[in-house]
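Each remark here refers to the structure printed beneath this line.
In full-length UniProt numbering, the protein residues as written are 1 to 71.
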């Protein structure tokens, strides 16, 4: 299973990843805030991830990495 991992310190919560994800794996968290005081992206449904890497590719801050469980 592939899923996104978000570097919370790099994420600025721009929401581009949320918009491009075809499976609605990510959300901008209403409660999760990073050290800069910004609401950040959060993985809400990792089991839906198809590993397309669109979120990783479009992230302007390189805050997302797609990883494979057990790999």
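Glycine residues also receive a C-beta, built at the ideal position from the N, C-alpha and C atoms.
For residue 54, the uninterrupted alpha helix (DSSP H) segment begins and ends at 54-58.
For residue 7, the closest C-alpha among the options 51, 42 and 69 is that of 42. Taking the Cβ atoms as the reference, residue 25 lies roughly 5 Å from residue 48, within the contact range of under 8 Å.
Residue 61 and residue 17 do not touch by the CB rule: their CB atoms are close to 10 Å apart, not below 8 Å.
Beta-bridge analysis with DSSP links residue 10 to no other residue.
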